[in-house]
Amino acid sequence: AAHYKDGRILAGVVLVDLYMREQIDVHHWTLQEGNVAVPYHVCKRAGHQKMDHFLDTYVPLASMIFDDMLIPAHIGETPIW
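Under our numbering, read the sequence shown as residues 83 to 163, first letter to last.
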């Protein structure tokens, strides 16, 4: 598998972008106390509107990116740069 120098950072940035543009949902544990809600799953948002954005390539792979915290090697960084 291909690994990139900043692979985990890129994966995190892609997920944040997809979330902020409402392309994915982030599921997290409910807080009983404290202020940190740990995410456990991400998925494509139901009824999401494709925005014709260069990072939309990663929407179907968001769950895999979240699980591995790496950009998939078969796509790589090409859409980003």
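The beta-carbon is built from N, C-alpha and C at its ideal position, and this holds for glycine as well.
Need the endpoints of the alpha helix (DSSP H) that residue i sits in, please.
i, result
"residue 147", "144-150"
Exposed or buried, what is residue i when buried is set at 16 or more other beta-carbons lying within 10 Å of its beta-carbon?
i, result
"residue 212", "What is shown of the chain runs 83 to 163, which leaves residue 212 out entirely."
"residue 122", "exposed"
"residue 147", "buried"
"residue 105", "buried"
"residue 157", "exposed"
"residue 93", "buried"
"residue 155", "exposed"
According to DSSP, is residue i helix, strand or coil?
i, result
"residue 107", "strand"
"residue 124", "strand"
"residue 83", "In this prediction, residue 83 has a pLDDT of 47, which is less than 50 and means its spatial position is unreliable; nothing more can be read from the coordinates."
Alpha carbon to alpha carbon, what distance is there between residue j and residue i?
i, j, result
"residue 129", "residue 113", "27 angstroms"
"residue 133", "residue 162", "16 angstroms"
"residue 120", "residue 153", "21 angstroms"
"residue 142", "residue 108", "14 angstroms"
Is any non-hydrogen atom of the ligand MN found closer than 7 angstroms to the C-beta of residue i, if you look at the structure I gave you?
i, result
"residue 148", "By its list of ligands, the structure shown contains no ligand whatsoever, and the ligand MN lies outside what it can speak to."
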